[in-house]
Amino acid sequence: MQEYDQVWLFCSTFWAVLKTLRIIRESQTSDMPTKEANLLTGQRSQLDAVLGTFADVFYSNDDKIGLCPHVEIKIDLQHDKPIRYRPYRLTELDRQFMNMQVQKWIKQGICSPSLSAYVAPAFIVEQPFHESTPRRVVVDF
Numbered sequence: 235m236q237e238y239d240q241v242w243l244f245c246s247t248f249w250a251v252l253k254t255l256r257i258i259r260e261s262q263t264s265d266m267p268t269k270e271a272n273l274l275t276g277q278r279s280q281l282d283a284v285l286g287t288f289a290d291v292f293y294s295n296d297d298k299i300g301l302c303p304h305v306e307i308k309i310d311l312q313h314d315k316p317i318r319y320r321p322y323r324l325t326e327l328d329r330q331f332m333n334m335q336v337q338k339w340i341k342q343g344i345c346s347p348s349l350s351a352y353v354a355p356a357f358i359v360e361q362p363f364h365e366s367t368p369r370r371v372v373v374d375f
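Quick note: to get the working numbering, add 234 to the position in the sequence shown (first position is 1).
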């Protein structure tokens with residue numbers, strides 16, 4: 235049952251992101267200025283209206299991540315045999331970063347501790363051109 239819970243948490247977050255993208259597209263904010271640009275008159279109130287109406291699906295700085303509880307997903311597997319791969323070696327710095335990131339996800343409710351028979355290796359990638367996330371965790375499914 236724990237594997238199902240993990241899949242459910244991942245899928246619900248994924249659907250929240252898709253819903254957010256659809257909402258932005260439908261509200262005709264695709265031409266929204268970048269963070270460096272100034273908003274035109276009325277655009278700020280339009281943006282605030284969208285963010286306020288759909289606040290439950292947007293990420294905020296208070297570590298609360300949006301969910302979309304309206305979609306239930308069933309994943310049919312071809313077989314019940316667990317898939318297991320050996321973990322990749324990490325530097326001590328990468329290991330610390332991964333532990334910190336996993337603890338943050340647990341705190342946010344994105345994932346939960348599990349003793350699953352399924353294992354996929356994870357590693358850290360550098361993103362020098364992303365100010366908000368210069369490093370991120372990647373899982374090799």
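Using N, Cα and C, we set each Cβ at its ideal position, and we do this for glycine too.
For residue i, the first and last residue of its enclosing beta strand (DSSP E)
i	result
residue 369	369-373
C-beta atoms of residue i and residue j nearer than 7 Å
i	j	result
residue 353	residue 370	no
residue 351	residue 316	yes
residue 299	residue 342	yes
Heavy atom of the ligand PLP within 6 Å of residue i beta-carbon
i	result
residue 363	In the structure shown, the ligand PLP is absent, as is every other ligand, since no ligand is present at all.
Candidates the options: closest to residue i by CA position
i	options	result
residue 305	323, 334, 291 and 314	291
Worksheet entry | Entirely enclosed alpha helix (DSSP H) segments - the segment 275-356, minimum 4 residues | 277-287 and 326-342
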